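**Q** Handing you a structure now.
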Amino acid sequence: MKISHHNRHRPTLINPAHEDSFTNETRNFLSEPNLERSRLDGFDYLTCLLAFTLIGLGVLTIYSATYNPEAASWLTGFCRRQLIWVAIAGGLGAVLFLVHYNIFYQAAYPLYVVSIILLLAVEVAGSTHMGATRWLNLGGINVQPSEFAKLAVILALARYLSERRLPPPYNLKELVPPAIIIFCPTILILKQPDLGTAMLIILISGIIIFVAGITKRTIITLGISAVSIAVVGWQFLHDYQRQRILTFLDPEKDPLGSGYHIAQSKIAIGAGKLFGKGFLKGTQNSLHFLPEQHTDFIFAAYAEQWGFLGVLILLALYFTFLLRAIHIAAEARDSFGSYLATGIAAIFFWQVTINIGMVSGLMPVVGIPLPLFSYGGTSMLTSVILISILLNIHYRRKA
Amino acid sequence: MTNVSDNKKSKREQIIKNARIVMIVMTLIVVCITSRLWFLQIVNGEYYSQKSRDNRIRNRRVRALRGIITDRHGKILADNSLGFNLQIIPENIDKRDINKLAELIAAQIEDLDSEKVITLYSNCSVYTRHRPLTLKKNLNPDELARIEARKHELPGVIIETEPLREYPYDKICSHIIGYLGFINDRELKLEVYNSYAQDDLVGRTGIESRYQNMLRGRDGQRQVVVNARGRELESFTVKPANSGDNLQLTIDIDLQKFAFTTMGDQIGSIVAIDPKNGEILALISTPSFSNNLFSTRIRSEDWKRINNNPLHPLQNRPIQGCYPPGSTIKPLIAILALTDKLVNLNTEFFCDGSLTLGHTNFRCWNRYGHGKVNITRSIRESCDVYYYNLATRISIDRIAAFGNEFGLGLKSGIELPGERRGLMPSSSWKLKHIHDQWYTGDTLSVSIGQGYLTTTPLQIAAMYSVFANSGIYFRPHLVKTGDHQGVKVKIKNKDMRSIRKALWMVVNDKRGTGYKSRLTTKKWQMAGKTGTAQVVKQELKTLKKVSETPWRYRDHAWFAAFAPFTNPRIAVAVMIEHGGHGGSTAAPIARRIIEFYLNKTDNSQP
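Just so you know, the protein sequences line up as chains A and B, in that order. Going by the working numbering, the final residue of the first sequence carries number 399, and the count climbs one at a time with no gaps. Going by the working numbering, the final residue of the second sequence carries number 1005, and the count climbs one at a time with no gaps.
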């Protein structure tokens, strides 16, 4: 009895019990009836439209950010490359959409193990760039295992929580195993050091665990201890020590330099005022006062050109998208899908918050791109695949 | 099975409940971000717009070109040229390349070591990295060529051009033109200089200093759009620069040059004046200095060399040197005696080589005596005893007042800074400064241009201009203006004619002290007067010959002249410090200058 019960938690390819719309016992993506039904109304057009609108605005902003009137081609190199990445990511996303998301359930733990191995490999044989060891050369291709680990943690967490027998809400003691899942890669990432990604993993995992359900006491305990550790610890530090810690944790941005960057970014955003300076008329951007204007600071370039109204539209797009993602999480056919969708929503939520918070001077500079917007192949690929999974979860939601 | 379904149910409940909370939290955070952006873009939008403008729009000064200084014929004496400065832009130089680059730069440039380059490079902060740093100002053509040739190996190295002041005649008229210097911090605080900025050049001496405001012009303003690296992209002229006014001097640079060359390495002054209007044709002070050395920041060894020279090359001798005029004063005393009717043309005094007054023996330069001397002869042969006799009959205050009419003891008002007035002593002056009464003996000394009396070479030239134009004092001046107001000196024409005749005889009579320096041509005739001013008392000189006396004890040599006699176009005063006898040292120089000028003006003005 006990063994059989335990066995029922294991996924199996034999038992096609998918009529039970909210099960985590049996998954079979090889015989999936919904796909055959071809429900057009099952496809989430809204999310898809939001995503493409954001990508479109992003490409436009990359164009304006890298626009050079003296260049031979009207299409800037960055813009063209971004479009190519969008195409690749879109194709990959479409293929993934066809496959039941159960495949991620199956792959969750193996991927987690691989990501840990990769992070250890970085520790041993990573290439150092600007004082941080983040990159691993795999047969000529530089990969950043921390980016990969972010996804692996979400998958592993979603799987662990969905197959857990113990009913939520969980207390502090019951959160030890998920904490181990979270902190193993996080510590390795902190050692690189990459404070941004480490924090991001913790924050994303926090939302997943919160949605899964934890007791009020746990929330209060965790909240108080986190805040007090941060506040008390920070208070005891001298300015130069704080700077040193920031520099140590994130040497890529020297504090003096980032101060200048933030100042310029704030000027760019503020100078946009209500209506913005107009397309291609952002001087902060075109005269290169804005740093990283097509990657991490692209929001400032956008805000300078389109003003507060443009910013409101952009925030509305992201906000609708996030609400939609949470909605998908709530509607998923099984708890794995819910947790995964929550994780995806959390990724987008935190990245948008941190990025805009950073460029508008609310938060310290950490190198986090604006998803769907910033220039960069990896970021675009990850974002589109995440959206594809989201659509996947929605498509295969309970009837 | 109940267990499993309970588990499922509770998980689902939790998800739905908590998802709602997450949505609320997300909404709150989005509201936070929105209000932050509202604060930046709407509340502080104007502030950041201004900052954005400040970021990219820089006000640059457009330096006005300094006015050009020319001579009376329009030949350029002070011009603007370009200086080439070697600069690096740290931002464009990779940290790893700086050592190699510094070595390479140092190899092309004299007295610049690579250490200095590296220090300058590493001392600049993140904020100043886009600004060019000057490694060396005013490259010489060789250095410029070497840098240009290796430009491709020198990334981040640029050549900046800067307007410079150039003086084509250099030493020849550096005392007139003066030079420029960078304004210093102390001056910048003064109200007079409140329209000036750091790195502005101001005239330090000479015409450059005196006419600073006129030559300077008015700087313009340009707004420049720059990118983050400080590179200028566009520029708009907000206010055009007004070049300084050009200035024409009365100097004849050919004459000036000739006079300077004629002077050779002798120390002294030459002043040439057009007696018809007081225009200064040449003004020489030797030894001279190169004012081009001051055109940029002068090197300290050059400055030391010039400043520590015992002969004081920076001193402008014709206006700042106060010397006893010696016998050149005699025509003035003579014409005063005629005016005051103390003597007439026939009055004679006997010269036996000296005159004794009280216990003092006043000697004539000719110790054998001149015998019977009338006024004409006294000038022609420069008899001292004749003037001793006059001096016993004239009060010093009368001489002083009369001398003032000829400009002695007064500043002429020449357009150069630092002019000195010399000393035309009077009884009240002596009482005030020496605390003693005036003795007749003092007047005796003054009457032969010794004693307390000192004059500048300019004053002597101006005085002889009065004799040249028969009685009108024109203020000597350097800047060409149409307006010449002369002051008629109160002398009778008859007396003036007599003195002029006597001055003519000095040069043209066989017995005259300047006969040897008469003009070589018959076309014109010159009149003049020699002077030999004692530096030390006669008794101290044990040696008779000039060449055997130590240089600093030798007499000052004077010669003042004008020509042509009938309608003078030039009056000249030559003064050679410790030159010995005026007739033998100074007079030949004056003669050559006069001949040069008369030939030149005759050819150019038919």
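Virtual Cβ for every residue (Gly too), placed ideally from N, Cα, C. Keep in mind the model is a prediction, meaning the values are calculated, not measured.
Would you call the segment 182 to 202 of chain A and the segment 326 to 344 of chain A touching, i.e. three or more CB-CB distances under 8 Å?
**A** Cβ pair count under 8 Å is below three, so no.
**Q** Tell me which same chain residues have a C-beta within less than 7 Å of the C-beta of Pro291 (chain A), skipping the five on either side of it?
**A** Excluding sequence neighbours, Pro291 (chain A) sits near His261, Gln264 and Phe297.
**Q** Of all the options B:Ser668, B:Gln849 and B:Thr746, which has the alpha carbon lying nearest to the alpha carbon of Ala398 (chain B)?
**A** The requested residue 398 (chain B) is not part of the displayed model; chain B covers only 400 to 1005.
**Q** Can you pull the chain A neighbours of Val556 (chain B), defined as C-beta to C-beta under 9 Å?
**A** Residues of chain A passing the Cβ test: none, with the nearest at roughly 22 Å.
**Q** Exposed or buried, which one is Thr755 (chain B) when buried takes at least 16 other CB atoms within 10 Å?
**A** Exposed: under 16 other Cβ atoms inside 10 Å.
**Q** Report the residue ranges of all beta strand (DSSP E) runs contained in full by the segment 460 to 496 of chain B; include only those spanning at least 3 residues, in chain order.
**A** Taking only runs of at least 3 residues, the beta strand (DSSP E) segments lying wholly in the segment 460 to 496 of chain B are 475 to 487.
**Q** Kindly say whether Ser448 (chain B), judged by its beta-carbon, lies nearer than 8 Å to any beta-carbon of chain A.
**A** Yes - at least one Cβ of chain A is within 8 Å of the one on Ser448 (chain B).
**Q** Please list the residues of the segment 345 to 366 of chain A that have a C-beta atom closer than 9 Å to any C-beta atom in chain B, keeping them in chain order.
**A** The segment 345 to 366 of chain A vs chain B, Cβ under 9 Å: Ala345, Ala346, Phe349, Val352, Thr353, Ile356, Gly357, Ser360, Gly361 and Leu362.
**Q** Beta-carbon within less than 7 Å of Lys771 (chain B)'s beta-carbon, same chain only, minus the 5 sequence neighbours each way: which residues are those?
**A** Here the set comprises Glu747 and Phe749.
**Q** Can you tell me where the alpha helix (DSSP H) with Ser448 (chain B) in it begins and where it stops?
**A** First-last of the alpha helix (DSSP H) with Ser448 (chain B): Gly444 to Arg455.
**Q** According to DSSP, is Met974 (chain B) part of a helix, a strand, or is it coil?
**A** DSSP places Met974 (chain B) in strand when its eight states are reduced to three.
**Q** Are the segment 630 to 649 of chain B and the segment 947 to 957 of chain B touching by the rule of at least three beta carbon pairs closer than 8 Å?
**A** Because the criterion of three Cβ pairs below 8 Å is not met, the segment 630 to 649 of chain B and the segment 947 to 957 of chain B do not touch.
**Q** Check whether chain B comes within 8 Å of Gln305 (chain A), counting only Cβ atoms and requiring the distance to be less than that.
**A** For Gln305 (chain A), the answer is no, since every Cβ of chain B falls outside 8 Å of its Cβ.
**Q** With a threshold of 6 Å on Cβ separation, who are the neighbours of Ile652 (chain B) within its own chain once the five nearest residues in sequence on each side are excluded?
**A** Same-chain partners within the cutoff: Asp470 and Lys474.
**Q** To which residues of the same chain is Val311 (chain A) closer than 6 Å at the C-beta, ignoring the five residues directly before and after it?
**A** Result list for Val311 (chain A): Ala303, in chain order.
**Q** Asn443 (chain B) touches chain A at which residues, Cβ-Cβ below 8 Å?
**A** Neighbours of Asn443 (chain B) on chain A, chain order: Gly270.
**Q** Run through DSSP, which three-state label would Arg147 (chain A) get?
**A** First, the residue type needs correcting, since residue 147 (chain A) is Glu and not Arg in the sequence shown. Note: Glu147 (chain A) maps to helix in three-state DSSP.
**Q** Can you grab the Cα-Cα spacing for the pair Gly126 (chain A) / Leu136 (chain A), in whole Å?
**A** The straight-line gap from Cα to Cα measures roughly 5 Å.
**Q** Check the Cβ-Cβ distances between Leu436 (chain B) and every residue of chain A, and say whether any is below 8 Å.
**A** Yes - at least one Cβ of chain A is within 8 Å of the one on Leu436 (chain B).
**Q** Flag Ser383 (chain A) as yes if its beta-carbon sits less than 8 Å from any beta-carbon of chain B, otherwise no.
**A** Cβ-Cβ to chain B under 8 Å: no for Ser383 (chain A).
**Q** Between Lys499 (chain B) and the ligand ATP, is there a pair consisting of the residue's CB and a ligand heavy atom that are separated by less than 7 Å?
**A** Here there are no bound small molecules, and the ligand ATP is not part of this structure.
**Q** Under 7 Å Cβ-Cβ, which residues of chain C neighbour Thr283 (chain A)?
**A** In the structure shown, chain C does not exist; the protein chains are A and B.
**Q** Suppose contacts are defined by Cβ-Cβ distances below 8 Å. Is His100 (chain A) in contact with Arg396 (chain A) by that definition?
**A** Closer than 8 Å, so yes.
**Q** Bridge partners of Ser668 (chain B), per DSSP?
**A** Ser668 (chain B) is bridged to B:Ser684 and B:Met974.
**Q** Helix, strand or coil for Ile298 (chain A)? Go by DSSP, reduced to three states.
**A** Helix, per DSSP.
**Q** Between Gly337 (chain A) and chain B, is the shortest Cβ-Cβ distance under 8 Å, so that the two count as touching?
**A** Chain B, which has no Cβ nearer than 8 Å to the Cβ of Gly337 (chain A), makes this no.
**Q** Between A:Phe97, A:Leu119 and A:Leu175, which lies nearest to Ser388 (chain A) when the distance is taken from Cα to Cα?
**A** It is A:Phe97 whose Cα lies nearest to the Cα of Ser388 (chain A).
**Q** Could you give the C-beta distance for Leu680 (chain B) and Thr649 (chain B), rounded to a whole number, given that I count them as a contact under 8 Å?
**A** 7 Å between Cβ atoms; contact.
**Q** Would you call Leu54 (chain A) buried or exposed, if buried means 16 or more other Cβ atoms sit within 10 Å of its Cβ?
**A** Buried, by the Cβ-count rule.
**Q** What does Ser634 (chain B) reach in chain A if we use C-beta pairs closer than 7 Å?
**A** Ordered by position in chain A, no residue passes the 7 Å Cβ test against Ser634 (chain B), which lies about 14 Å from the chain.
**Q** Rounded to the nearest angstrom, what separates Asn28 (chain A) and Arg495 (chain B) at their Cα positions?
**A** With a pLDDT of only 44 at Asn28 (chain A), under the threshold of 50, the placement of this residue in the model should not be trusted; the figure read from the coordinates follows. The straight-line gap from Cα to Cα measures roughly 59 Å.
**Q** Counting only the same chain and skipping the five closest in sequence on each side, list residues whose C-beta sits under 7 Å from that of Gly802 (chain B).
**A** Closer than 7 Å at Cβ, skipping near neighbours: Leu731, Gly808 and Met823.
**Q** Taking 8 Å as the threshold, find out whether the segment 735 to 746 of chain B comes into contact with the segment 771 to 789 of chain B through three or more Cβ pairs.
**A** Touching, yes, given that three or more Cβ pairs across the two stretches are closer than 8 Å.
**Q** Roughly how many whole angstroms lie between the Cα atoms of Leu519 (chain B) and His294 (chain A)?
**A** Straight-line Cα distance between these residues: approximately 33 Å.
**Q** Rounded to a whole number of angstroms, what is the C-alpha to C-alpha distance between Gln933 (chain B) and Asn788 (chain B)?
**A** If you take the alpha carbons of Gln933 (chain B) and Asn788 (chain B), they lie about 20 Å apart.
**Q** Report the three-state DSSP secondary structure of Tyr872 (chain B) (helix, strand or coil).
**A** Three-state DSSP puts Tyr872 (chain B) in a strand.
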